[in-house]
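*Asks:* Numbering (this note's numbering), first residue to last: 32 to 535. All residues carry an ideal CB built from backbone N, CA and C; glycine is no exception. Got a structure for you, questions after.
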Ligand code: BES
Ligand code: ZN
Ligand code: ZN
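Below you can see the structure in the form of structure tokens.
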């Protein structure tokens with residue numbers, strides 16, 4: 032992915048290996064910066080557009096060699112379609128396509144002609160979307176034995192005549208989001224024989240150390256001592272030791288408000304005794320995506336110096352069948368003292384999160400937000416590009432919906448009426464972990480909400496968005512998507528403002 036972004040005036044030195052040129056339908060080369068470029072390139076742009084050798088439909092790309100002194104050595108035309116029907120997702124797709132072409136051409140440094148943003152979008156927003164689409168498309172993950180370190184694009188030079196100081200700041204933050212999105216993707220893509228709860232804890236520790244975040248990891252002894260019966264129970268079928276990771280940014284500033292992020296960290300979800308069917312079971316190595324988002328969000332919050340105490344709580348387990356495994360009908364006692372009857376061992380996420388959310392509540396935070404690949408029903412309801420949001424505080428949820436729009440990581444609110452809280456009440460225990468498939472995103476959330484008490488809490492179900500199975504979106508290669516990092520950071524920034532906290 033992109034490691035470095037710099038800015039320059041669009042002077043066209045002739046040293047550019049490749050210049051990426053965004054072109055809308057009807058773009059005229061008769062004036063402005065494009066005219067200057069066209070003259071340098073002996074009118075080749077004009078010729079290609081007029082003779083319709085390149086139709087600038089959204090996402091279309093063309094690599095063109097230019098053999099002229101003082102002109103860029105190559106151009107990549109990046110078609111953006113009609114300005115009137117411009118959409119951010121299509122634009123990111125186009126940027127990703129341009130990246131793939133640049134990679135094919137083995138260009139290590141690319142120049143981008145940053146101009147022509149549509150009216151309803153600032154140049155900064157235009158640039159951020161380009162960099163995100165471009166950079167995230169270059170992500171790769173492989174465990175092939177013969178993998179050669181392929182050359183890829185590493186540097187972008189942005190040609191613009193606009194104020195660079197504010198752009199530079201925005202771009203810096205974008206690069207940070209991209210870096211942590213890559214980290215989340217790596218964790219989700221890592222096979223579960225490699226990435227166990229212990230490895231996840233070690234990864235959290237090293238990220239925490241790097242970015243000056245306090246990190247504490249509880250092993251099975253501590254988990255049992257603390258009476259976190261749900262985490263202990265789910266882990267019983269596996270030989271892998273469970274871990275509870277607790278990250279704390281600004282731990283030494285007690286006057287700052289506390290915000291808790293909780294992330295589901297199931298490093299493999301076989302379903303346990305309620306075994307899943309085999310199809311797509313391999314994707315369940317990514318059932319720790321919520322945890323990966325939380326680990327990275329706390330690290331990034333520290334790098335951005337977000338003025339709040341941010342506590343990340345990640346219960347990590349492997350959910351396996353086995354001699355010692357949790358069984359349907361078992362009753363477990365959670366950290367809060369409440370009991371849960373297990374009707375499906377495959378509804379394990381809500382079990383471990385029950386412990387984690389009541390543990391989060393003990394910090395007396397202003398808000399708790401959890402990220403979890405929780406229910407198949409959420410994938411059915413909202414598809415693969417929108418995550419579900421539910422919670423007990425509409426002001427908090429409205430803020431999340433707003434931030435989701437800015438992050439281009441969409442959320443859709445699902446209901447959490449009293450009937451769902453009624454449904455999770457148990458027959459022989461305080462609660463049960465399964466109450467029918469109908470509306471099960473809401474009933475799963477209701478179980479979590481029962482452990483959040485009165486604390487403003489929101490749950491983000493990323494079961495549909497954490498994984499891309501086709502790779503048809505250029506910037507979301509097959510595998511982990513890293514969905515949620517940008518959103519989590521925006522949520523933290525918003526919550527860190529006192530005005531927002533007072534409204535909750
Ligand atoms: N990890 C799964 C949910 C999931 C499904 C995530 C598909 C990503 C893609 C969760 O633990 C689970 O198995 N949920 C079951 C619960 C059911 C048995 C009550 C579900 O939603 O089907
Ligand atoms: Zn499950
Ligand atoms: Zn699961």
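Around the Cβ of residue 306, are there at least 16 other Cβ atoms within 10 angstroms (buried) or fewer (exposed)?
*Replies:* Here residue 306 corresponds to residue number 275 of the chain shown, with the count starting at 1. Exposed, because fewer than 16 other Cβ atoms sit within 10 Å of the Cβ of residue 306.
*Asks:* Going by the beta-carbon positions, is the gap between residue 239 and residue 520 smaller than 9 Å?
*Replies:* Here residue 239 corresponds to residue number 208 of the chain shown, with the count starting at 1. Here residue 520 corresponds to residue number 489 of the chain shown, with the count starting at 1. Contact flag unset, no.
*Asks:* Three or more C-beta pairs under 8 Å: does that hold for the stretch 463-480 against the stretch 411-422?
*Replies:* Because the criterion of three Cβ pairs below 8 Å is met, the stretch 463-480 and the stretch 411-422 touch.
*Asks:* Examine the Cβ distances between the stretch 245-253 and the stretch 208-218 and report whether three or more of them are shorter than 8 Å.
*Replies:* These segments do not touch.
*Asks:* Do residue 468 and ligand 1 come close, with the Cβ less than 8 Å from some heavy atom?
*Replies:* Within the chain shown, the letter at position 437 stands for residue 468. Under cutoff, so the answer is yes.
*Asks:* Give me, in chain order, the residues of the same chain whose beta-carbon lies closer than 6 Å to that of residue 147; leave out the 5 immediate sequence neighbours on both sides.
*Replies:* As a working note, residue 147 is residue 116 in the chain shown. Closer than 6 Å at Cβ, skipping near neighbours: 53.
*Asks:* Measuring CB to CB, does residue 423 end up less than 9 Å from residue 379?
*Replies:* Mapped onto the chain shown, residue 423 falls at position 392. Mapped onto the chain shown, residue 379 falls at position 348. It is not a contact, given that the beta carbons lie outside the stated cut-off.
*Asks:* Restricting to runs no shorter than 3 residues, where is the beta strand (DSSP E) found entirely within the stretch 397-450?
*Replies:* 398-403, 418-422, 442-444, all fully within the stretch 397-450.
*Asks:* Once the 5 residues before and after residue 442 are set aside, which same chain residues still bring their CB inside 8 Å of it?
*Replies:* Position 411 of the chain shown holds residue 442. If we look at residue 442 and ignore the five residues flanking it on each side, its Cβ neighbours are 417, 418, 419, 420, 431, 432, 435, 491, 518.
*Asks:* Does the Cβ of residue 220 have 16 or more other Cβ atoms within 10 Å, making it buried, or fewer, making it exposed?
*Replies:* Taking the chain shown and counting its residues from 1, the one referred to as residue 220 is at position 189. Residue 220 is buried by the Cβ-count criterion.
*Asks:* Cα-Cα, which of 336, 268, 274 is closest to residue 236?
*Replies:* Looking up residue 236 in the chain shown gives position 205. Considering only alpha carbons, the answer is 274.
*Asks:* Taking 9 Å as the cut-off, decide whether the C-beta atoms of residue 395 and residue 504 are in contact.
*Replies:* Taking the first residue of the chain shown as position 1, residue 395 is located at position 364. Taking the first residue of the chain shown as position 1, residue 504 is located at position 473. Their beta carbons are not under 9 Å apart, which means residue 395 does not touch residue 504 by this criterion.
*Asks:* Have a look at 385, 340, 295, 375 and flag the residue whose alpha-carbon is nearest the alpha-carbon of residue 497.
*Replies:* Looking up residue 497 in the chain shown gives position 466. Of 385, 340, 295, 375, the residue nearest in Cα terms is 295.
*Asks:* Just to confirm the assignment, what range does the beta strand (DSSP E) spanning residue 340 have?
*Replies:* Walking along the chain shown from the start, residue 340 turns up at place 309. From DSSP, the beta strand (DSSP E) with residue 340 extends over 340-350.
*Asks:* For residue 376, which three-state DSSP category applies?
*Replies:* The residue you call residue 376 lines up with position 345 of the chain shown. Coil at residue 376, not helix or strand.
*Asks:* Using three-state DSSP, classify residue 201 as helix, strand or coil.
*Replies:* Against the chain shown, residue 201 aligns to sequence position 170. Here residue 201 sits in helix by DSSP.
*Asks:* Are the stretch 61-71 and the stretch 148-163 in contact at 8 Å, needing three or more beta carbon pairs?
*Replies:* They do not touch, by the three-pair rule.
*Asks:* Per DSSP, what kind of secondary structure is residue 159 in: helix, strand or coil?
*Replies:* Along the chain shown, one-based indexing puts residue 159 at 128. Residue 159 falls in the helix class under three-state DSSP.
*Asks:* Helix, strand or coil: how does DSSP classify residue 294 here?
*Replies:* Translated into the one-based positions of the chain shown, residue 294 becomes position 263. Three-state result, residue 294: strand.
*Asks:* In whole angstroms, give me the CA-to-CA distance for residue 444 and residue 477.
*Replies:* Along the chain shown, one-based indexing puts residue 444 at 413. Along the chain shown, one-based indexing puts residue 477 at 446. Residue 444 and residue 477: Cα-Cα distance of roughly 14 Å.
*Asks:* Evaluate residue 254 with the Cβ neighbour count: other Cβ atoms within 10 Å of its Cβ, from every protein chain shown; 16 or more gives buried, anything less gives exposed.
*Replies:* Locating residue 254 in the chain shown gives position 223, where the first residue counts as 1. So residue 254 counts as buried.
*Asks:* Could you tell me whether any non-hydrogen atom of ligand 1 is closer than 8 Å to the CB of residue 160?
*Replies:* Here residue 160 is taken as the residue at index 129 of the chain shown, counted from 1. Because no heavy atom of ligand 1 lies under 8 Å away, the Cβ of residue 160 does not count as near it: no.
*Asks:* Cutting at 8 Å between CB atoms, please list the residues of its own chain near residue 96, excluding the five before and the five after it.
*Replies:* One-based indexing of the chain shown puts residue 96 at position 65. Counting only Cβ-Cβ distances below 8 Å, and skipping sequence neighbours, we find 104, 105.
*Asks:* On a CA-only basis, which of 482, 34, 526, 271 is nearest residue 140? Give me that one, please.
*Replies:* As a working note, residue 140 is residue 109 in the chain shown. Nearest option by C-alpha distance: 34.
*Asks:* Nearest-angstrom Cα distance between residue 511 and residue 169?
*Replies:* The residue you call residue 511 lines up with position 480 of the chain shown. The residue you call residue 169 lines up with position 138 of the chain shown. Computed Cα separation, rounded: 14 Å.
*Asks:* Flag this pair as yes or no: are the beta carbons of residue 515 and residue 261 separated by less than 9 Å?
*Replies:* One-based indexing of the chain shown puts residue 515 at position 484. One-based indexing of the chain shown puts residue 261 at position 230. Their beta carbons are not under 9 Å apart, which means residue 515 does not touch residue 261 by this criterion.
*Asks:* Which of helix, strand or coil does DSSP assign to residue 221?
*Replies:* Here the question's residue 221 lines up with position 190 in the chain shown. If DSSP states are grouped into helix, strand and coil, residue 221 belongs with coil.
*Asks:* Which residues share a DSSP beta bridge with residue 504?
*Replies:* Reading the chain shown from its first residue, position 473 is the one you call residue 504. DSSP, once it has assigned bridges, lists no residue as partnering residue 504.
*Asks:* Inspect the CB distances between the stretch 448-463 and the stretch 402-410 and report whether three or more fall short of 8 Å.
*Replies:* Because the criterion of three Cβ pairs below 8 Å is not met, the stretch 448-463 and the stretch 402-410 do not touch.
*Asks:* Check each candidate in 315, 387, 371 and name the one with the smallest Cα separation from residue 500.
*Replies:* If you number the chain shown from 1, residue 500 lands on position 469. Checked all of 315, 387, 371; the closest Cα to residue 500 is 315.
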